[in-house]
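Input: a single structure, listed below in structure tokens.
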Amino acid sequence: MKFRRIVTGHSLEGKSIVRNDEEVEPITLPTVPGFESYELWSEKGARFVEHASGTMGAPRYFPEEDEIIARMCVFPPNSVYTSDIDMEAAAAEVDLLYPGMLTHFHPEFPGMHATDSVDIGFLIDGELELELDGGEVVHLIRGSSVVQTGTWHAWHNRSNRPAVAAFILLGAKRRSRS
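The sequence shown maps to residues 1 to 178 in the UniProt record's numbering.
Printed below as a string of structure tokens:
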């Protein structure tokens, strides 16, 4: 199986960019034929996200700097979202079920959000697109991994079937921009 790793970061202008997009080569053990280990991300010490954009001071639906959250998500196809959705009722429902979540979303760009965390995502099934506020769009297929480093991003499922992803969210401090 092939595994792909996408790592986000920030440009000098503070926009979200793809810093790295590559296929990860396995480490194999000659004494154990068929065993493969794919090293996707390693980080030691305090976690920092690099830029002061995002949602400073927002209530925490996402992890605090010393917190870890593991989550599975099913993304339905974008076609399920219709123009006749009562946005006020939908926002109230999200706020009830996921307190503070909406404060992390950009009010002018639907779906675009940023968190004070390093998020490691794994696409288990289906296809997704990762959109960054710097304009890049990355098409993900099963076996792709993404390391989000506090960047503005949105997820889109433009296929005709659900996509399944697992996420590990590692709370971090946001560096101030100097």
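Think of the CB as a built atom: it goes at the ideal place given N, C-alpha and C, for glycine as much as any other residue.
DSSP three-state assignment for residue i, whether helix, strand or coil
i, result
"D125", "strand"
"L12", "coil"
"H106", "coil"
"L96", "helix"
"S117", "strand"
"A91", "helix"
Residue i to residue j span [Cα, whole Å]
i, j, result
"M112", "P30", "45 angstroms"
"V164", "D95", "23 angstroms"
"S11", "I27", "32 angstroms"
"L102", "D21", "29 angstroms"
CB-CB length for residue i against residue j, believed under 8 angstroms
i, j, result
"residue 179", "R5", "With the chain covering only 1 through 178, there is no way to say anything about residue 179."
"H106", "W41", "Wrong, their Cβ atoms sit about 26 angstroms apart, outside the cutoff."
"R162", "G126", "Checking the sequence shown, residue 162 turns out to be Pro, not Arg. Right, the Cβ-Cβ distance comes to about 6 angstroms (below 8 angstroms), so this counts as a contact."
"A166", "M72", "5 angstroms"
Residue environment, residue i, which counts as buried when at least 16 other CB atoms sit within 10 Å
i, result
"A91", "exposed"
"D119", "buried"
"E131", "buried"
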